[in-house]
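These notes are about the structure you will find just below.
There are 2 protein chains.
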Amino acid sequence: MAVTLRDVAKRAGVSRSAVSRTFTEGASVSAKTRAKVEKAAIELGYSPNALASSLTTGRTKLIGLVSNNFHNPLFLEVFDLFTRGLQDRGLRPLLVNLSNETDPANSVRMLRQYSVDGVIVASSTLPPSFAEAFKEAGVPVVHSFGRFSTSPNVHVVGIDNVACGRMAAEALIARGYTRVAFLGGPETATSTQDRALGFFAALREHPEIEASMSYASTYSFDAGRVEMTKLLMADPAEAYFCGDDVLSIGALSAIEEAGLRCPEDIGIIGLNDMDMARWQNIDLTTIRQPIAEIIGASIDLVVATIERPDRHPETRLFPCRVIERGTLRPVP
Amino acid sequence: MAVTLRDVAKRAGVSRSAVSRTFTEGASVSAKTRAKVEKAAIELGYSPNALASSLTTGRTKLIGLVSNNFHNPLFLEVFDLFTRGLQDRGLRPLLVNLSNETDPANSVRMLRQYSVDGVIVASSTLPPSFAEAFKEAGVPVVHSFGRFSTSPNVHVVGIDNVACGRMAAEALIARGYTRVAFLGGPETATSTQDRALGFFAALREHPEIEASMSYASTYSFDAGRVEMTKLLMADPAEAYFCGDDVLSIGALSAIEEAGLRCPEDIGIIGLNDMDMARWQNIDLTTIRQPIAEIIGASIDLVVATIERPDRHPETRLFPCRVIERGTLRPVP
DNA sequence: GAACGTTTTGCAACCGGTTGCAAATTTGCC
DNA sequence: GGCAAATTTGCAACCGGTTGCAAAACGTTC
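Chains as they are written, first to last, in this note's numbering: chain A, 1 to 332; chain B, 1001 to 1332.
Structure below.
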């Protein structure tokens, strides 16, 4: 069925090497044989077997794309950008859905079996050790949306979540809120931990402001709604920094359901600026995370690491900024 | 760096064949050598190279997952289910993002280079010819969410869009609307064409009901909002069947923006029942498309076709049903 | 212990490519 | 046309596995 190198060689009347060389960049072939080979290849509908060649070259152009975020609409944008970015560089994404798994062993084994050239871990909830497991197995790896560290063991690309927490606090303070709160994602998510850190650090400089904190069980609409409903029954704060946009939207829904209005009764600021945040019926004030830049840098970094595996681990952080929309009252 | 069959064989003091056989299901190895080999394999951290073995076995366990829907939140659910479903069967998804490409030639070539065992085309907008190109290239293929045909050339799994259009019309009629309309997706999408067909077929049996139609430029929030805004400026219908949920949400936003209420002033019924449709601040009445079943069947079918490539093309359709929520007035 | 049937084993060829090397061809120059 | 240098070519070995086949080892039975 499949047409191979040998078939083309026979038809073109040349050796197999000649055929191989016409399909390898920068190999030594005369114009004449190249023409013969190309003609035969087209006639037979030949295209080289990438996996067979990987055996000798050691490169598959396969990149493992590992994620556990298949319920946050932001990640559709993330997958879109990753797949397009990889394709543009001639690389192929092998997608791994972690679901509830947190042990890297299986993923490492599987991706090594497929000899991926590199791995991108795209998750803001997995611990650094997850990506490190790939490094230990000798697989070039980049942790996208991962936890910032000054002395990282693996490449990390993302944002400074501590700074974002601080930025959120300052945005609330600037708008004159005096009773604020952080409604975080899951307590175990590194992103939530860091955002809380920054949020409360900023507030420590403003002792006059009352602050509290609670956790949603996941980064999801339902969890945000449930948690906010609970908060509304007690004595809610004037404004909330929500762990991310989808959590914010859940909270907004709870507020509306309770017959309250946003921002008149309660303010909300999210984080991510996912596509949906600008939908007019949501119109969420949020902190933009520059995902296109993060993803571009992640791909660049994994490619660079494939070329020089001993490259020193690096952290690349991108600045975030507040996107002013309709869920916080304006700065006075 | 990488540890190979030969290393394990040497350490275990057996032939390479013996090692290969201990890792192949149902091969003939004595308990004694198996134990020796496994011990050596663990000590060296060996796991077999899936791509090398694919050379002789002809199976890579790689499945091409091709889609052009990276902006519709429904497809995050779709990718989640596909990746999990494939993983559960020991298969690996190689993701292809079509973006604006409609010519299958590139995808076919690329996926053949990677010797995928099969391909799943997940799209409700691509024409049947797209999936057929894979079949012609000898690659087992299933078109998920594809156009229903009584004499298909390739396997199709999805819903009967004509029947859904009819169901939508009947739902509106049953609720006493007398001026209705279809706000479709892009005119070229097969799903929109078929839904329109069914919608107007049902209305032909009710000549007393006024009906009209328009197209949104894409299946997206913005397109739905823009189109509905335009419609509201003229003389809008009492109720709209929108091409899908995300279009519906855009339309809802436009309605709200115009100071109108739903369902009091205008009714909306969507299609898909994506996760977001049940969010309380959206609460969209819609027609549920059973995506988990569709995806499960698609995987089963591609696996079956890999085993018997000459399998006769088949259409598997799953029934849809109306999910009653808050954007249509109740049945009297 | 011999004869026989079963398992298990290793050899060697193969899957579809790549690549170092030496031989063959071409090119440039006088 | 002759010669040296440069380019192109094919051979053969290899990448990391699998597998048909014949030989070797094993287990039974008498």
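The beta-carbon is built from N, C-alpha and C at its ideal position, and this holds for glycine as well.
Listed along the chain, the chain B residues whose CB falls inside 9 Å of the CB of arginine 109/A are Ser1047. Using a 10 angstroms sphere on the CB of methionine 1233/B, the tally of other CB atoms stays under 16, which defines it as exposed.
In this structure, DSSP gives glutamate 1077/B a helical state, which the three-state scheme calls helix. Approximately 10 Å separates the beta-carbon atoms of leucine 1094/B and isoleucine 1120/B; this is outside 8 Å, ruling out the contact. For the 8 Å CB-CB criterion, asparagine 68/A and leucine 111/A do not form a contact.
The criterion of a C-beta distance shorter than 8 Å is not satisfied by isoleucine 1282/B and alanine 1168/B.
Following the DSSP letters along the chain, one finds methionine 274/A in no alpha helix (DSSP H), marked with neither H nor E.
Threonine 1060/B has a beta carbon lying within less than 8 Å of a beta carbon in chain A. Taking a beta-carbon distance threshold of 8 Å, arginine 1225/B counts as an interface residue toward chain A. At a beta-carbon threshold of 7 Å, none of the residues of chain B lie near serine 123/A; the nearest stands roughly 14 Å away.
For glutamate 210/A, the three-state secondary structure derived from DSSP is strand.
Where isoleucine 1173/B is concerned, the enclosing alpha helix (DSSP H) starts and stops at 1161-1174. Counting only Cβ-Cβ distances below 7 Å, asparagine 1281/B has contacts in chain A at Leu252, Ser253, Glu256, in chain order. Only residues of its own chain outside the window of five on either side were considered, and among them Leu1232 have a CB closer than 6 Å to the CB of alanine 1258/B, listed in chain order.
Per the Cβ contact rule, the segment 1018-1025 of chain B is not in contact with the segment 187-201 of chain A (fewer than 3 Cβ pairs under 8 Å).
Of all C-beta pairs linking the segment 1036-1049 of chain B to the segment 1098-1109 of chain B, fewer than three are shorter than 8 Å, placing the two stretches out of contact. If one requires a minimum length of 4 residues, the alpha helix (DSSP H) runs lying completely within the segment 1055-1139 of chain B are 1074-1088, 1105-1113, 1128-1136, in chain order.
Exclusion of the five residues before and after serine 1115/B leaves Thr1060 as the residues of its chain whose Cβ lies within less than 6 Å of its Cβ. Within chain A, Asp80, Thr83, Arg84, Gln87 have C-beta atoms less than 7 Å from the C-beta of asparagine 1097/B, given in sequence order. Judged by beta-carbon spacing, histidine 206/A lies within the 8 Å limit of isoleucine 173/A, meaning their Cβ atoms are closer than that value. Assigned with DSSP and collapsed to three states, isoleucine 266/A falls in coil, not helix or strand. Using a Cβ-Cβ cut-off of 7 Å, tyrosine 1114/B is close to Ala50, Leu51, Arg92 of chain A, given in chain order. Between glutamate 1324/B and alanine 131/A, the alpha-carbon positions lie close to 44 Å from each other. The alpha-carbon separation between valine 1066/B and aspartate 275/A amounts to approximately 23 Å. Under the three-state reduction of DSSP, phenylalanine 1241/B is assigned to strand. Burial state of lysine 1036/B is buried, judged by a 10 Å Cβ sphere holding 16 or more other Cβ atoms.
Take the alpha-carbon of glycine 1085/B and the one of leucine 74/A: they are about 22 Å apart.
Of the residues Val1154/B, Asp1160/B, Ala1137/B, the one whose Cα lies closest to the Cα of phenylalanine 1148/B is Asp1160/B. Non-local C-beta neighbours of arginine 34/A in its own chain, meaning closer than 7 Å and more than five positions away in sequence, comprise Thr22, ordered along the chain.
Beta-bridge analysis with DSSP links arginine 288/A to Asn272/A, Arg321/A. Spanning the alpha carbons of alanine 1223/B and tryptophan 279/A requires a straight line of approximately 12 Å. Collapsing the DSSP output to three states places valine 226/A in a helix. In the displayed model, glycine 184/A falls within a strand according to three-state DSSP. By the neighbour-count criterion, in which a residue is buried when 16 or more other Cβ atoms sit within 10 angstroms of its Cβ, serine 217/A is exposed. In this structure the segment 236-254 of chain A lies against the segment 177-185 of chain A, because at least three pairs of beta carbons, one per stretch, are closer than 8 Å. In this structure, glycine 267/A sits near leucine 328/A, with a CB-CB distance shorter than 8 Å.
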